[in-house]
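Colleague: Pasting a structure below so you can have a look.
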Amino acid sequence: MSHIKPENAAQLEEAIQWVLSQEETMEIIGSGSKRKLGRSVKADHQLDVSALTGITLYEPEELVLSARAGTSLMEIQEELAKHNQYMAFEPMDYGPLLKGKADAGTIGGMIACNLSGPRRLKAGAARDHFLGFSGVSGRGETFKSGGRVVKNVTGYDLMKLMAGSYGTLAVMSDITIKVLPAPPEEKSYVLYELSDEEANRAMSVALNSSCEVSSAAHIPQIISNKLTQEAEERAMTLFRLEGHGPSIAYRVDKLASILVDFGQGSLVADPESRSLWQKLRDAEVLSKSEERSIWRISLPPAQGNAFMGCLKFNEQAEYYYDWAGGLIWLSLTGDHNASLLRDKLKSVGGHATLVRSAIGVEDAENPQQPLEPGEHALMKRIKDNFDPKAILNPGRLYADL
Amino acid sequence: MKMPDPDRSIMARRDEIAETLREIVPGEGVILSDRELQVYESDGLTAYRQPPLMAVLPQTVEQVSQVLAYCHAEGVKVVPRGSGTSLSGGALPLADAILLCMGKFNQVIEVDYDNRCAVVQPGVTNLGITKAVESKGFYYAPDPSSQIACSIGGNVAENAGGVHCLKYGLTTNNLLGIEMVLIDGTVLRFGGKHLDSPGYDLLGLMTGSEGLLGVVTEVTVRILPQPETARALLLGFSSSESAGDCVAAIISEGIVPGGMEMMDKPAIEAAEAFVNAGYPLDVEALLIVELDGPQAEVDYLIAQVSRISKKCGAVTSRISQNEDERQLFWAGRKAAFPAVGRLTPDYYCMDGTIPRNKLPLVLKRMREMSEHYGLRVANVFHAGDGNLHPLIMYDANNPGELEKAEDFGSDILKLCVEVGGVLTGEHGVGVEKRDLMPEMFNEIDLKQQLRVKCAFDSKALLNPGKVFPELHRCAELGRMHIHKGKLPFPDIPRF
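Taken in sequence, the protein lines are chains V and E. Its first residue numbered 245, the first sequence is counted upward by one per residue in the numbering used here. Its first residue numbered 892, the second sequence is counted upward by one per residue in the numbering used here.
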């Protein structure tokens, strides 16, 4: 196996053409921070895009940034911060959860895995901010799609295909995203000691109000002290309010009055608020124990607690709700829960992803939820049209994708 | 505009095809008479007209599936149509294709407030969704100017925008799920009420695919709580440069307005003469900046924007004091198209997007083109997101003037691409901009897009002749050109 590290887009194309001509396969990596996510790849070569670096365009007043695929997210975030801007979709950092380094990800990996964070409720995911790219398909051809403007319906939206494709369709060399002004302040309104059911309702009430809550999460009692480091364990339901000072002050009052039936809350200001949401974003509050497997369950927000309620887990189950109930991070002992979780999801809709297996357990066949046959067949046809010889990250998403 | 040659053998089988389709969609579901088909011969781009082979109006997903499966088996082309408001000819019929009209799919199936979404049939109008949820204080955010008539199915096909895109996104950012039917009759569902899905994002790919990949039969959209309040500023500038600077300054200060619209002098004059909105007539550019959200936020930001606009040299500035006044500010902008229509027998509405800071350059070049072609042009501009709508005024009764208007339009769109923008921001490629696609994409780019089409519709039966300038057979597109024996490249670091 060789490790190929192109230094520019032309070399990237050459490298892929070469592997294609050898009738071999390759694993695509940037910093490798999410290598353990999903199915592992067994390939003849490793194509490392981490030398394709650098921000190539950043016009703050145009809200647009372009960078080469291997550019580190840290570098991009630092550059954005200089102009009080950010990536509103708040890409999570899988590093800590996957036992890797923190802050190691690249923009290419961020798009390939369609990352998002607690602000997904309001701001969407990477896919929603991805304006254009250039890359090389599994046919060894360099192509581009999209552009540098937000409003663009010229041709198919291939950005959507690339976001979340885990490098199975093409290897991106250049990426353009929309950036936004960062809110100058944030505060979190916190309610205590609600049951899961009460919390789910409270989050619905808050999200359905005009208070512009940008994130809402509920942390049950048993893991609450991992979030706050306080000795006392009590369930916490958090509502994030971001924006200009006068607006936040006004919305805090309004939210407190709307939620008065759920008790009297308290207010967490910066920088604690930011730190809490970062921990929730990166699932840092779940046990680090290696005997545990970690699941990410996406479902209709209002069904969050009902879904958890109908699962009869042992007492070691750790979990919390983000996205107002629409995202459940769940830590369980053992790996043999896939069919149980996915069967229960059938009635409410959604999907369960195995983010990390317990140690000693073999790779799961399907970390991502299996698809309906018609949908799977269509995706396979798309894969065949981008990468007919299946040379790019073979089997990364599913056995044949 | 040359459309693909009609298939005479299909046209000769018209009666037989109609008979079979009547078995699938009984009653009045198949329309054949010339008089009735006239209604369908064009969409919102009225310069192109073509009656379809026949129109078919299914009522159930099962019928859509059977109609498509039959057409697939028999090699009959299909053009899907919602309300027919496309401004790019996306729903233009073909002589040898059935027109699949989704108008009978007009029901709101479910509103789920707890999950902040509505499940609707594709023929429900854009505004119809908001109407269905506004009593509970919700709305559907994307608001294309045709929202009273355009269908949500068409919005999905075109990835429709509107004036609030910068803050609230396009259709694609406001969809949670769809049900669709492939040309072979397979019914698929992507997404649902949850926020993301495993595998490739086919919901995102379908959005804006202009009816070339499948027929949407159900849509789940996000609905949002209505903002507590909204206020607008009406700002006049002595040049488009200073108006553009003001837009950039507002964004640089971290403010993302709900809407930010610019009009140039000809558009201001036309709008003012039409609706008497009180627009200043002695300015070169007018900016409407709308702030929406909680009361305290709006009051705070209005003051900030007012301050910024003074710094940027606004020569007139008015702040709406009540809802009526805010509506009045918008009245002129919203009536800009019909207002320009009063000045000219015909007008041609373009739809490019440019990096915002290129606006002064683009306007200057457009004035030069206007002189060159001897045709007037008025501009309205979604200033927040760079989407430009030049309205080219012409008279179709003057021989050659339509062609001149189209050439002028092409030149404008080429200019948009030249300065780093795109051919179409929200109207779609359709037939109108089909032949301009090579301005933006090279042959490899276009072939890769066509391969996506092959994955969905390998016989190219769905909406052919739209979007892509050249048709290629999927077998040809699938061929690989592998350069065997080429040496591994010594320049690339390997270890």
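Glycine included, C-beta positions come from ideal geometry on N, C-alpha and C. Quantities reported herein were computed from a predicted structural model and do not represent experimental measurements.
(1) Does the pairing of the stretch 1273 to 1288 of chain E with the stretch 383 to 396 of chain V give three or more beta-carbon distances under 8 Å?
(2) Tell whether a beta-carbon distance below 7 Å holds between E:Tyr1239 and E:Ala1158.
(3) Can you check whether the CB of V:Ala443 is closer than 7 Å to the CB of V:Thr481?
(4) Residues in the stretch 979 to 1008 of chain E with C-beta within 7 Å of chain V's C-beta atoms, listed in sequence order?
(5) Just by C-beta distance, which residues in the stretch 563 to 597 of chain V are closer than 8 Å to chain E?
(6) Cα separation between E:Pro1033 and V:Thr577?
(7) Examine chain E for any beta-carbon lying closer than 7 Å to the beta-carbon of V:Tyr400, and answer yes or no.
(8) Note down, in chain order, all residues in the stretch 918 to 942 of chain E with a beta-carbon under 7 Å from any beta-carbon belonging to chain V.
(9) Quick one: measure Cβ to Cβ for V:Ser275 and V:Ser246, integer angstroms, because I've assumed they're closer than 8 Å.
(10) I'd like to check one pair, V:Ala461 with V:Leu524: are the Cβ atoms closer than 7 Å?
(11) Using a cut-off of 7 Å between C-beta atoms, extract the partners of E:Ala1139 located in chain V.
(12) In chain V, what lies closer than 8 Å to E:Met1328 by C-beta?
(13) So, is the C-beta of V:Gly368 closer than 7 Å to a C-beta in chain E?
(14) Within this structure, are the beta carbons of E:Ile901 and E:Val967 separated by less than 7 Å?
(15) Taking only three categories from DSSP, how would you classify V:Lys532?
(16) What whole-angstrom Cβ distance do E:Glu1175 and E:Ser1208 have, given they're in contact under 8 Å?
(17) For E:Asp1034, go through chain V and note every residue whose CB falls closer than 8 Å to its CB, in chain order.
(18) For the alpha helix (DSSP H) that V:Pro617 lies in, which residues bound it at each end?
(19) Could you check whether the Cβ of E:Ile1335 sits closer than 7 Å to any Cβ belonging to chain V?
(20) Distance check for V:Gly376 and E:Ala1269, CA to CA, integer angstroms please.
(21) Do V:Leu641 and V:Thr398 have their beta-carbon atoms positioned less than 7 Å apart in this structure?
(22) For a cutoff of 7 Å on Cβ pairs, would you count V:Arg495 as touching chain E?
(23) So, with DSSP's three-state summary, where would you put E:Gly1082?
(24) Which full runs of the beta strand (DSSP E) of 3+ residues lie inside the stretch 1123 to 1206 of chain E, going along the chain?
(25) Any C-beta of chain V within less than 8 Å: which residues of the stretch 1047 to 1068 of chain E qualify?
(26) Measuring CA to CA, which of E:Leu1061, E:Ser1261, E:Gly1044 is closest to E:Gly1052?
(27) Using a C-beta to C-beta distance shorter than 7 Å, which residues of chain V count as neighbours of E:Asn1278?
(28) Helix, strand or coil for V:Tyr330? Go by DSSP, reduced to three states.
(29) Should E:Gln1339 be flagged as near chain V, meaning a C-beta pair shorter than 7 Å?
(30) Got a sec: which bits of the stretch 1143 to 1174 of chain E sit with their beta carbon under 9 Å from any beta carbon on chain V, in order along the chain?
(31) Would a check of beta-carbon distances place E:Leu1096 closer than 7 Å to chain V?
(32) Does DSSP put E:Cys1056 in a helix, a strand or coil?
(33) From this set, E:Lys893, E:Val1054, E:Arg905, E:Ala909, which residue's C-alpha is nearest E:Gly980's C-alpha?
(34) Quick one, which of E:Pro942, E:Leu985, E:Asn1333, E:Asn1167 has its alpha-carbon nearest E:Asp898's?
(35) With DSSP as the reference, identify every bridge partner of E:Thr1244, one or two as the case may be.
(36) E:Arg1267 and E:Ile1193 - do their beta-carbons sit closer together than 7 Å?
Modeller: According to the structure shown:
(1) Pairwise C-beta distances place the stretch 1273 to 1288 of chain E in contact with the stretch 383 to 396 of chain V, as three or more of them are shorter than 8 Å.
(2) no
(3) Their beta carbons are under 7 Å apart, which means V:Thr481 touches V:Ala443 by this criterion.
(4) Tyr1004, Asp1005, Asn1006, Arg1007
(5) Here the close residues are Trp567, Gly570, Leu571, Gly593, Gly594, His595, Thr597.
(6) 45 Å
(7) Under the 7 Å criterion on CB atoms, V:Tyr400 is classed as interfacial with respect to chain E.
(8) none
(9) About 19 Å separates the two Cβ atoms, so there is no contact after all.
(10) yes
(11) Glu305
(12) Thr398, Gly399
(13) Yes, contact with chain E.
(14) yes
(15) coil
(16) The Cβ separation is near 15 Å, so there is no contact.
(17) Within 8 Å Cβ-Cβ: nothing; E:Asp1034 doesn't reach chain V, min ~14 Å.
(18) Where V:Pro617 is concerned, the enclosing alpha helix (DSSP H) stretches over 617 to 630.
(19) yes
(20) 30 Å
(21) no
(22) yes
(23) strand
(24) 1150 to 1155, 1176 to 1184
(25) Glu1049, Asn1050, Gly1052, Cys1056, Leu1057, Gly1060, Leu1061, Thr1063, Asn1064
(26) Residue nearest to E:Gly1052 within the set E:Leu1061, E:Ser1261, E:Gly1044 is E:Leu1061 (criterion: CA-CA distance).
(27) Lys395
(28) strand
(29) yes
(30) Ser1143, Glu1144, Gly1145, Ile1146, Val1147
(31) yes
(32) Three-state result, E:Cys1056: helix.
(33) E:Lys893
(34) E:Leu985
(35) E:Asn1278, E:Val1313
(36) no
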